[in-house]
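Using my numbering, read the sequence shown as starting at 1378 and increasing by one per residue. Think of the CB as a built atom: it goes at the ideal place given N, C-alpha and C, for glycine as much as any other residue. Model, not experiment: these values are computed from the prediction.
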Amino acid sequence: MTNVYACSDRPTVIYSSNHKLVFSNVNLKEVNYMCPLNSQGYPDSLALANDTSLMIGTIDEIQKLHIRTIPLGESPARIAYQESTQTFAVTTMRTEIKDGSGSTPVRPSASTTALSTSSSTAKMITSRDESNMMEDEVDLHSLLIIDQHTFEVLHAHHFLPNEFTTSLISCTLGNDSTAYYIVGLTMVYPEDPEPKIGKIIVFQWSDGKLVQIAAKEIKGAAYSLVEFNGKLLASVNSYVALYNWIDHELRMECSHINNVIALYLKTKGDFVLVGDLLRSITLLAYKSMEGCLEEIARDYNPNWMSAIEILDDDTFLGSENSYNLFTCQKDSAATTDDERQHLQEESFFHLGEFINVFKKGSLVMQNIGESTINTQGNVLFGTINGTIGLVTRLPEEFFKFLLEVQNKLTKVIKSVGRIDHSFWRAFDTERKTEPSNGFIDGDLIESFLDLSTDKMEEVVKGLQIEDGGMKRDATSNDLIKIVEELTRIH
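(1) At what residues does the alpha helix (DSSP H) containing Glu1407 begin and finish?
(2) How would you write the range of the alpha helix (DSSP H) that Ile1822 sits in, first residue to last?
(3) How is the beta strand (DSSP E) around Leu1767 delimited, first residue to last?
(4) Would you check if the distance between the CB atom of Tyr1620 and the CB atom of Met1629 is smaller than 7 Å?
(5) Which runs of the beta strand (DSSP E) fall wholly inside the region 1655 to 1713 and span at least 3 residues, in chain order?
(6) Could you tell me how far apart the beta carbons of Gly1815 and Ser1665 are, in whole angstroms, since I believe they sit closer than 8 Å?
(7) Go through its chain and collect everything with a Cβ distance to Met1847's Cβ below 8 Å, but skip five positions before and after it.
(8) Are the Cβ atoms of Ser1547 and Ala1618 separated by less than 7 Å?
(9) To the nearest angstrom, how far is it from the Cα of Gln1463 to the Cα of Pro1448?
(10) Quick check on the burial criterion: 16 or more other C-beta atoms within 10 angstroms. Buried or exposed for Ala1466?
(11) Per DSSP, what kind of secondary structure is Thr1555 in: helix, strand or coil?
(12) Applying the 10 Å Cβ sphere with the 16-neighbour rule, what's the burial state of Asp1818?
(13) Among Asp1421, Ser1853 and Val1793, which has the Cα closest to the Cα of Asp1831?
(14) Does Arg1865 come out as helix, strand or coil in the three-state DSSP assignment?
(15) In angstroms with no decimal places, state the Cα-to-Cα distance between Ile1761 and Met1411.
(16) For Glu1604, which residues from the same chain have a beta carbon less than 6 Å from its beta carbon, with the 5 sequence-adjacent residues on both sides left out?
(17) When you compare only the Cα positions, how much space is there between Glu1671 and His1719?
(18) Taking 6 Å as the limit between beta carbons, can you name the residues of its chain near Ser1461, skipping five residues before and five after?
(19) Would Ala1499 pass as a contact of Leu1521 if the rule is Cβ separation under 7 Å?
(20) Determine the direct distance from the alpha carbon of Leu1688 to that of Ala1454, and round the result to whole angstroms.
(21) Among Trp1622, Asp1624, Tyr1663 and Leu1610, which one has its Cα closest to the Cα of Ala1639?
(22) Can you tell me which of the three DSSP states Arg1445 falls into?
(23) From this set, Lys1643, Lys1788 and Val1782, which residue's C-alpha is nearest Val1756's C-alpha?
(24) Please say whether Ile1578 and Val1560 have beta carbons closer to each other than 7 Å?
(25) Are Leu1627 and Ala1684 close, meaning C-beta to C-beta below 7 Å?
(26) Can you tell which of Val1381, Arg1445 and Val1588 has the C-alpha that lies nearest to the C-alpha of His1625?
(27) Ends of the alpha helix (DSSP H) at Asn1784?
(28) So which of Leu1431, Pro1413 and Leu1771 has the shortest CA-CA distance to Leu1423?
(29) Sort out for me which residues DSSP pairs Ala1383 with in a bridge.
Here it is, written out as structure tokens:
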């Protein structure tokens, strides 16, 4: 296959697939000149030059997603990106062994080998702090500042032994154009059944220095932080609090208390979606005139949430601890208050992995004209097993077509252990079981490309597609083209 290599500030390989131009990014910085190089020492290679260097290398099998691992030597928990400083902030935890003179790291790690360091200071050491320090091992949390381009650890800020990081964001607040890193902390003591004291700390990274701008004491753990219309929204234990940024201080404006433990927050306009440890999801609205947060609707099913996302004004996506996905719908056209206050569960799907984060976006650059499939609202998800997946919304007619393909594939492809597909994908918890509904199994659809020609023909038999406003029987090539287009959206 002939490929075209385009030199630019975003080097790209362009190639043809199914009579369509496909663009695949190359993981190089700016390239000014290049030429093919094929010799005994460098077979099938490229010579690439920029302003400062000459590189000789080969391009791997063309792919859209490039993965690079940055070893830290300790456990990362949260990450935030700050465009203005071109840095990442990462909260991490490392283990140290106590000895007579203090503590010693178990191994060298990012926080102990950073170019510069700083530490939090305690106003005074209490007996509770001292009891925590008597342990043989101690978990220490840090905030790392990492260069966007080189991934060098520029700075490490060490928190106190009893300070555990729970949340991290980068944002601007109010009329202040400065970008801040904001960290949520909780004070952890072995005798406490739940966190009782915590902090929200505002840091600024500027001129190679990390400066603490403000600190706000809170009554619990700040499990989630979100920028909300120039203000800071925090979920702290059982309540959601809204803070104004005034004279470089965080001042509480209002709060809403009606949760067991509010773990997750997502916002859209004046709406706030809250994910609870036990009580599924709740939709709040911020009333700017009254300066309050008001509950609009709630899902009354007892789902133990692990992540949430807002798909649109009326549709919300959630995952829970039995490895299931579901969506809830707000009925804005309901005629009674009771109906309007209920979020109705609409769609169900068993993923089989524990999701701990949703994020709107895409891992690949979508080019105009590359795809004829109209998808909306791409949402990425990450699992504790390291899987990255995608949830996207499809037009109704196309969804029905793929559902028919899915049903045919389940009859042609036999799973390991001959577990029925509908049984495996059914929403299942200790409290209830619901058949999979409203979701298409993308992994199953893409497995069509691995079938033999005979099996492909068996799947497409009886399928119809629209062609020029008319329906006609689909061929295996038609379905191959459709499925290949679907693979390019992730």
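In short:
(1) Against the sequence shown, residue 1407 aligns to sequence position 30. First-last for Glu1407: undefined, no H or E at that position.
(2) By 1-based counting over the sequence shown, the position of residue 1822 is 445. Residues Gly1819 to Glu1823.
(3) Working through the sequence shown from its first residue, we reach residue 1767 at position 390. That run of the beta strand (DSSP E) goes Ile1765 to Arg1770.
(4) By 1-based counting over the sequence shown, the position of residue 1620 is 243. By 1-based counting over the sequence shown, the position of residue 1629 is 252. Yes, the pair counts as a contact, with Cβ atoms nearer than the cut-off.
(5) 1658 to 1664, 1669 to 1675, 1682 to 1687, 1692 to 1697 and 1701 to 1707
(6) As a first step, residue 1815 is located in the sequence shown; it is residue number 438 there, counting from the start. As a first step, residue 1665 is located in the sequence shown; it is residue number 288 there, counting from the start. Between Ser1665 and Gly1815 the Cβ distance is about 34 Å, and since that is not below 8 Å, they are no contact.
(7) Start at 1 with the first residue of the sequence shown, and residue 1847 comes out as number 470. Around Met1847: no qualifying Cβ.
(8) Residue numbering aside, residue 1547 sits at position 170 when the sequence shown is read from its first letter. Residue numbering aside, residue 1618 sits at position 241 when the sequence shown is read from its first letter. No, these two residues do not count as a Cβ contact at 7 Å.
(9) Counting from 1 along the sequence shown, the entry for residue 1463 is found at position 86. Counting from 1 along the sequence shown, the entry for residue 1448 is found at position 71. Using only the alpha carbons, I get a separation of about 20 Å.
(10) As a first step, residue 1466 must be located in the sequence shown, where it is residue number 89. Ala1466 should be labelled buried.
(11) Translated into the one-based positions of the sequence shown, residue 1555 becomes position 178. Here Thr1555 sits in strand by DSSP.
(12) Numbered from its first residue, the sequence shown carries residue 1818 at position 441. Label assigned to Asp1818: buried.
(13) Position 454 of the sequence shown, counted from the start, is the residue given in the question as residue 1831. It is Ser1853 whose Cα lies nearest to the Cα of Asp1831.
(14) Numbered from its first residue, the sequence shown carries residue 1865 at position 488. Correct three-state label for Arg1865: coil.
(15) Here residue 1761 corresponds to residue number 384 of the sequence shown, with the count starting at 1. Here residue 1411 corresponds to residue number 34 of the sequence shown, with the count starting at 1. Going from the Cα of Ile1761 to the Cα of Met1411 covers about 41 Å.
(16) Locating residue 1604 in the sequence shown gives position 227, counting from the first residue. The answer, listed in chain order, is Cys1548.
(17) Mapped onto the sequence shown, residue 1671 falls at position 294. Mapped onto the sequence shown, residue 1719 falls at position 342. Rounded to whole angstroms, Glu1671 to His1719 spans 14 Å at the Cα level.
(18) Your numbering for residue 1461 matches position 84 in the sequence shown. Excluding positions up to five away in sequence, the list reads Ala1556.
(19) Taking the sequence shown and counting its residues from 1, the one referred to as residue 1499 is at position 122. Taking the sequence shown and counting its residues from 1, the one referred to as residue 1521 is at position 144. Going by C-beta atoms, Ala1499 is not nearer than 7 Å to Leu1521.
(20) By one-based count along the sequence shown, residue 1454 stands at place 77. By one-based count along the sequence shown, residue 1688 stands at place 311. Computed Cα separation, rounded: 25 Å.
(21) Residue mapping note: residue 1639 aligns to position 262 of the sequence shown, counting from 1. That would be Leu1610, whose Cα lies nearest to the Cα of Ala1639.
(22) Counting from one through the sequence shown, the residue named residue 1445 turns up at place 68. Coil, per DSSP.
(23) The residue labelled residue 1756 in the question sits at position 379 within the sequence shown. Closest option to Val1756, Cα to Cα, is Lys1643.
(24) Along the sequence shown, one-based indexing puts residue 1560 at 183. Along the sequence shown, one-based indexing puts residue 1578 at 201. Cβ atoms of Val1560 and Ile1578: closer than 7 Å.
(25) For the purposes of this step, residue 1627 is identified with residue 250 of the sequence shown, where counting begins at 1. For the purposes of this step, residue 1684 is identified with residue 307 of the sequence shown, where counting begins at 1. No, the Cβ-Cβ distance between Leu1627 and Ala1684 is not below 7 Å.
(26) Taking the first residue of the sequence shown as position 1, residue 1625 is located at position 248. The candidate whose alpha carbon is nearest that of His1625 is Val1588.
(27) The sequence position of residue 1784 within the sequence shown is 407, counting from 1. Here the alpha helix (DSSP H) through Asn1784 covers Glu1773 to Val1789.
(28) In the sequence shown, the residue the question calls residue 1423 occupies position 46. It is Pro1413.
(29) Position 6 of the sequence shown, counting from 1, holds the residue named residue 1383. Beta-bridge pairing links Ala1383 to Thr1389.
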